[in-house]
Amino acid sequence: MGLWVGGLAAFLVSPSGGFGRVAAWSASLLIASGAALALLHFANPLQTMTTAYGGVLMVKLVVVAAALWLAWRGRRRSELGALAGVLVAAAVLVSLPPPR
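Note that the working numbering has the sequence shown beginning at -16, numbered continuously upward.
In structure tokens:
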């Protein structure tokens, strides 16, 4: 996450052509590691709707999807704002006990 946010902040200050590849790789790794962690935390998919942890995770997924959409559209400043929202959702998520 730090690579994506830091790279985006650096890109806003001094745009370069190599940022897109770094952002794509870091976003892919974040999605893969997040999916693996979710599989470890939930005994069944219904827990995503019946626990506070699952609810916050669903909100975080929506914000991540918005950040990816903004990145795809090239809205870098808005993407940075969405990534700040992802960090807030992650902070709330780590304060909750996982369902398992």
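For each residue, glycine too, the CB sits at the ideal point set by N, CA and C.
Keep in mind that this is a model prediction, so the values were computed, not measured.
Of the residues Met41, Gly64, Leu79, the one placed nearest alanine 18, counting alpha carbons only: The residue with the shortest Cα to Cα distance from alanine 18 is Met41.
- Query: For phenylalanine 25, does the three-state DSSP call read helix, strand or coil?
  - Reply: coil
Practice prompt. Classify methionine 41 as helix, strand or coil using the three-state DSSP reduction.
Written response: Methionine 41 falls in the helix class under three-state DSSP.
### Query
What span of residues does the alpha helix (DSSP H) with leucine -5 cover, start to end?
-15 to -4
- Message: Quick check on the DSSP output: the alpha helix (DSSP H) that includes leucine 79 runs from which residue to which?
- Response: Here leucine 79 belongs to no alpha helix (DSSP H), and DSSP marks it neither H nor E.
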